[in-house]
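Heads up: the structure comes next, in structure tokens.
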Amino acid sequence: MSEKQINPGLKMALEYGPIILFFVGYTLFKDRSFAVGGAEYSGFIAVTAMFIPLLAATTFVQWRLTGHLSKMQIVTLVLVVGFGGLSIWLNDERFFKMKPTMIYLLFAGALGFGLLRGQSYLEAVMDQALPMEREGWMILTRRVTLFFLGLAIANEAIWRTMSTDAWVNFKTFGLTLGTFAFFATQMSLFSRYGIESDDADTGTSG
């Protein structure tokens, strides 16, 4: 049941490679159009059509290498296939742009539901990677819930009011850098409530 460890560089390439390639593909083809089956598709739609199988392939490789996929990875893949598929089928890029909003609202809702029950669902999926006291997990979960809501609002504001170029830059760099920055600001929380492995083994959790 334990997850197999893989090279950190390979793990990062599998997780962020599809996003970077989406950005590169959009940059190359954004001003082009493609005629398929009598319909004309923008470069954005064409790159979306390439992104879906690429993400599915890298997710499959991760599963084969580690024997495990997080719930977030599974839900993300399902929503990418669903909303990306709608964009391609209806030839409407708006559906794919809505996808991050739905992902972040879904996870914020799930975490918020857990908080209402006095539980941290974040702890359930991250505890092995980040041992921490329960109080710390509850604080972090509240913050992550608000962070996800903020990302959902930001995504909606950007795709509805700005250019596709601005949205692609936000999706590629803004969301990633924002996530790293958020967790960087939580270092004091991790330091205060973190449990060292030796302490956890001896049962002295502070």
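With our numbering applied, the sequence shown covers 1233 to 1438.
Quick reminder that beta carbons are idealized off the backbone N, C-alpha and C, glycines included.
Could you tell me the distance, in whole angstroms, from the CA atom of residue i to the CA atom of residue j?
i, j, result
"Ala1267", "Met1370", "52 Å"
"Ser1420", "Met1358", "18 Å"
"Arg1366", "Met1304", "22 Å"
"Phe1405", "Ala1413", "12 Å"
"Ala1361", "Asn1323", "41 Å"
"Ser1352", "Ala1271", "48 Å"
"Phe1422", "Lys1403", "27 Å"
"Gly1257", "Thr1291", "19 Å"
"Ile1427", "Val1293", "32 Å"
"Met1330", "Gly1314", "11 Å"
Using 7 Å as the threshold, is the C-beta distance between residue i and residue j below it?
i, j, result
"Ala1281", "Ile1238", "no"
"Met1334", "Leu1311", "yes"
"Pro1332", "Asn1401", "no"
"Leu1343", "Thr1308", "no"
"Lys1262", "Gly1275", "yes"
"Ile1284", "Gly1316", "yes"
Assuming residue i contacts residue j (C-beta within less than 8 Å), just tell me the rounded distance between them.
i, j, result
"Leu1286", "Leu1253", "6 Å"
"Ala1384", "Ala1340", "7 Å"
"Thr1377", "Leu1347", "7 Å"
"Arg1424", "Gly1350", "Incorrect: roughly 21 Å between the Cβ atoms, too far for contact."
At what residues does the alpha helix (DSSP H) containing residue i begin and finish?
i, result
"Ser1319", "1303 to 1322"
"Glu1272", "Taken as a continuous stretch (DSSP letters only), Glu1272 belongs to no alpha helix (DSSP H), being part of the beta strand (DSSP E) at 1271 to 1274."
"Ser1265", "Not the alpha helix (DSSP H): Ser1265 falls in the beta strand (DSSP E), residues 1265 to 1268."
Taking the beta carbon of residue i as the centre, do at least 16 other beta carbons fall within 10 Å, making it buried, or is it exposed?
i, result
"Trp1391", "buried"
"Met1364", "buried"
"Lys1236", "exposed"
"Trp1399", "buried"
Give a single yes or no on whether residue i has its beta carbon closer than 6 Å to a heavy atom of the ligand GTP.
i, result
"Gln1418", "Looking at this structure, you won't find the ligand GTP or any other ligand, since it has none at all."
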